Amino acid sequence: MSLTLQDDLGRVITLSGPARRIVSLAPEVTENLFAIGAGALVVGVTTADTYPAAAMRLPKVGNFGQPSYERIRALRPDVVIAASATIPRSEADQLQKRLGDIPVFAQKASRLADVPRHLLQYGALTGRMADARRLAATMEAKTRQVQRRVAGKPRVSVFVEVSPSPLYAAGPGSFVDDLIRQAGGVNIVRGVNPFPVYSKEALLAADPA
15 MSLTLQDDLG RVITLSGPAR RIVSLAPEVT ENLFAIGAGA LVVGVTTADT YPAAAMRLPK
75 VGNFGQPSYE RIRALRPDVV IAASATIPRS EADQLQKRLG DIPVFAQKAS RLADVPRHLL
135 QYGALTGRMA DARRLAATME AKTRQVQRRV AGKPRVSVFV EVSPSPLYAA GPGSFVDDLI
195 RQAGGVNIVR GVNPFPVYSK EALLAADPA
């Protein structure tokens with residue numbers, strides 16, 4: 015039975031059935047596929063994948079910004095899953111064009127609430143919907159628990175480093191920014207860029223808790 019799904023950019027992909035070979039172009043995709051018990055279906059990952067340990071032993075296909083189309087095609091995946099808070103449709107379409115008939119499923123994660131939704135997408139793609147639903151429900155319950163614990167408490171200023179050199183920070187509109195708020199913190203990074211370059215001087219001046 016064929017499977018038709020719409021990704022986060024409004025693009026529609028069709029598979030002949032649940033995916034049996036998946037290339038992941040983001041560490042969070044890999045981690046969540048393993049979390050729902052679909053790790054054995056992952057045949058290729060990015061150079062940034064470090065968790066779980068089994069993922070580090072899988073073939074590397076570069077990263078979303080610089081994937082190796084030849085390596086991806088050589089792995090014969092049923093679907094390629096790409097994820098980023100800032101992925102534009104043009105970039106996903108270009109990736110699809112370069113990969114030909116290999117479907118590309120794009121996800122955007124800018125809020126904590128996106129994660130349970132993505133888990134359900136993974137469940138649909140792999141035929142592991144029951145496992146995906148259980149994990150999504152557990153995550154939503156834990157999120158509510160944290161929200162109750164921090165409600166009414168003073169908020170703590172937070173800075174999250176994404177990369178040390180140059181110093182990149184998690185800014186407004188990023189998944190991490192939403193995670194900080196949900197956990198009772200205040201992100202010291204301002205502006206419109208979800209992952210801006212941040213000066214060490216500005217960080218010292220802000221003096222986050």
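When you line the sequence shown up against this note's numbering, it's residues 15 to 223, in that order.
Backbone N, C-alpha and C define an ideal beta-carbon position, used for all residues, glycine too.
All values derive from a computational prediction rather than experimental measurement.
TODO: Would you mind stating whether residue 91 and residue 35 have Cβ atoms separated by less than 7 Å?
DONE: The residue given as residue 91 occupies position 77 in the sequence shown. The residue given as residue 35 occupies position 21 in the sequence shown. Closer than 7 Å, so yes.
Task: Minimum length 3: unbroken beta strand (DSSP E) runs contained in the segment 134-195 - done: 170-172 and 175-177
Open item on the list: Among the candidates 163, 83, 132 and 53, whose CA atom is the shortest distance from the CA of residue 115?
Closed with: By 1-based counting over the sequence shown, the position of residue 115 is 101. Of the candidates 163, 83, 132 and 53, the one whose C-alpha sits nearest the C-alpha of residue 115 is 83.
Open item on the list: Quick check on this structure: which residue in 37, 42, 33 and 97 has the alpha carbon closest to the alpha carbon of residue 75?
Closed with: Taking the first residue of the sequence shown as 1, we reach residue 75 at position 61. Minimum Cα distance to residue 75 is reached at 37.
Open item on the list: Using the Cβ count rule (16 or more neighbours within 10 Å means buried), how would you classify residue 218?
Closed with: Locating residue 218 in the sequence shown gives position 204, counting from the first residue. The residue is exposed, with fewer than 16 neighbouring Cβ atoms inside 10 Å.
Open item on the list: For the beta strand (DSSP E) containing residue 28, name the first residue and the last one.
Closed with: By 1-based counting over the sequence shown, the position of residue 28 is 14. Its beta strand (DSSP E) spans residues 26-29.
Task: As assigned by DSSP and simplified to three states, the class of residue 77 - done: Locating residue 77 in the sequence shown gives position 63, counting from the first residue. Here residue 77 sits in coil by DSSP.
Task: Sub-7 Å separation of residue 145 and residue 51 beta-carbons - done: In the sequence shown, residue 145 corresponds to position 131, counting from 1. In the sequence shown, residue 51 corresponds to position 37, counting from 1. The answer is yes: Cβ separation under 7 Å.
Open item on the list: Checking 7 Å against the spacing of the C-beta atoms, do residue 62 and residue 81 come in under that value?
Closed with: Residue numbering aside, residue 62 sits at position 48 when the sequence shown is read from its first letter. Residue numbering aside, residue 81 sits at position 67 when the sequence shown is read from its first letter. No; because the gap between Cβ atoms is not below 7 Å, this pair is not in contact.
- [ ] Please list, in chain order, all residues of the same chain as residue 181 whose beta carbon is under 8 Å from its beta carbon, the five residues on each side excluded.
- [x] The residue labelled residue 181 in the question sits at position 167 within the sequence shown. Around residue 181: 175, 211, 212, 213, 214 and 217.
Open item on the list: Just to confirm my understanding: we take residue 240, look at its own chain, exclude 5 residues before and 5 after, and list those with CB closer than 6 Å. What are they?
Closed with: In this structure the chain extends from 15 to 223, so residue 240 is not present and cannot be described.
- [ ] Return the first residue and the last residue of the alpha helix (DSSP H) that residue 48 is part of.
- [x] Residue 48 sits at position 34 when you count from the first residue of the sequence shown. Note, residue 48: alpha helix (DSSP H), 41-49.
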